[in-house]
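What follows is a short report on a single structure.
Numbering (our numbering), first residue to last: 753 to 874.
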């Protein structure tokens with residue numbers, strides 16, 4: 753509920769959680785300033801800085817890096833010749849607790865797409 757209130761204060765409404773991630777969560781929302789649906793990837797800054805995750809009370813090191821992900825997405829999608837099949841970078845915000853990577857809503861996750869393709873080719 754805290755994230756929903758934060759999103760709303762930042763101009764994002766109709767926010768619904770899609771899933772948990774290793775270091776946070778992914779949300780679908782509507783950005784009032786652009787009148788578009790977006791996806792917001794939330795990453796805990798403490799876990800990001802420690803390059804870790806916590807599963808069942810155990811801490812594990814991971815290679816997750818939302819800032820590198822942001823840089824790559826921003827670079828790949830900045831040109832006018834970027835195909836519509838690639839989800840575009842919109843913004844990246846931060847609070848004292850989290851990073852918020854905001855991108856276009858592609859409608860389906862890459863994971864869902866891969867599952868669908870595998871079911872077709874089997």
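Think of the CB as a built atom: it goes at the ideal place given N, C-alpha and C, for glycine as much as any other residue.
Asked	Found
By alpha-carbon positions, which one of 828, 814 and 867 ends up nearest to residue 839?	828
Can you confirm whether residue 856, when its beta carbon is compared against all beta carbons of chain C, has any partner nearer than 8 Å?	No chain C is part of this structure, which consists of one protein chain only.
Just grab the DSSP bridge partners of residue 759 for me.	Answer is none; residue 759 lacks a bridge partner.
Spell out the partners DSSP gives residue 827 in its beta bridges.	BP columns for residue 827 are empty, so no partner.
Please report the residue range of the beta strand (DSSP E) in which residue 856 lies.	850-856
With distances taken Cα to Cα, identify the nearest neighbour of residue 813 among 820, 824, 822 and 801.	801
Quick one, which of 771, 788, 784 and 870 has its alpha-carbon nearest residue 857's?	788
For residue 876, I'd like the list of residues in its chain whose CB is within less than 6 Å of its CB, leaving aside the five on either flank, ordered along the chain.	Outside the displayed range of the chain (753 to 874) lies residue 876, so it cannot be described from this structure.
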